[in-house]
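Numbering (my numbering), first residue to last: 2 to 216.
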């Protein structure tokens, strides 16, 4: 049985848990990080010297970094569905994974979600937030073009390409920001919401993360 360390509301943990759910793998998740603490505990630091979540334990194997975990799970348990032995075919998903990690996620999660939603109103740099909102709008327009005529990013089946980018959608569509009209992305998001693993592991209420004035 797999063991995953990380809190339920953590974005990178949600990516991992979504794939675990899609693969139907027996698992235990241990709440670590945030109010639960534990990231600096010596035993946790032995598993991940960086003190960050998620961490995956599979027998004697310890894996950290969310996208490395996704690749590990896909390669070990998802052959023929989430993993291909053909490097060229595999690269089609991996390029979207890397794009989501280096472009979409930093600008949305840090720039918008943290800069706006998780920052008290009096402390927000709204000029910077607005720039990130506009950058994210450009990203979702690009995704909208790619999704024209297909159900998922690589075609008609869910793949690793969808998981990092798709994890952003629940928060993107549920915070009070301006968004462009992107019917293909909205259709993709609706399809993801029909998946039990997405509903359970990604559609996690995040009201407790909203920054409220002290006192």
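For each residue, glycine too, the CB sits at the ideal point set by N, CA and C. Given the structure is predicted, the values throughout are model-derived calculations rather than measurements.
Rounded C-alpha distance that separates residue i from residue j
{"i": "residue 196", "j": "residue 64", "result": "26 Å"}
{"i": "residue 176", "j": "residue 189", "result": "18 Å"}
{"i": "residue 209", "j": "residue 87", "result": "43 Å"}
{"i": "residue 137", "j": "residue 211", "result": "20 Å"}
{"i": "residue 4", "j": "residue 28", "result": "6 Å"}
{"i": "residue 53", "j": "residue 206", "result": "22 Å"}
Where residue i falls, given that 16 or more other Cβ within 10 Å makes a residue buried
{"i": "residue 51", "result": "exposed"}
{"i": "residue 80", "result": "exposed"}
{"i": "residue 216", "result": "In this predicted model, residue 216 has a pLDDT of only 48, less than 50, meaning its place in the structure is not dependable; the value taken from the coordinates is given anyway. It counts as exposed."}
{"i": "residue 92", "result": "exposed"}
{"i": "residue 23", "result": "buried"}
{"i": "residue 55", "result": "buried"}
{"i": "residue 103", "result": "exposed"}
{"i": "residue 157", "result": "exposed"}
Residue i (DSSP reduced to helix, strand or coil)
{"i": "residue 202", "result": "helix"}
{"i": "residue 56", "result": "strand"}
{"i": "residue 30", "result": "strand"}
{"i": "residue 244", "result": "A query on residue 244 cannot be resolved here, the shown segment of the chain reaching from 2 to 216 and no further."}
{"i": "residue 3", "result": "strand"}
Closest residue to residue i among the options (Cα-Cα distance)
{"i": "residue 69", "options": "135, 14, 142 and 131", "result": "14"}
{"i": "residue 202", "options": "19, 12, 11 and 8", "result": "19"}
{"i": "residue 9", "options": "30, 21 and 26", "result": "30"}
{"i": "residue 173", "options": "158, 77 and 109", "result": "109"}
{"i": "residue 45", "options": "75, 6, 100 and 194", "result": "6"}
{"i": "residue 111", "options": "123, 98 and 131", "result": "131"}
Do the stretch 33-49 and the stretch 94-109 make contact, defined as three or more Cβ pairs closer than 8 Å? no
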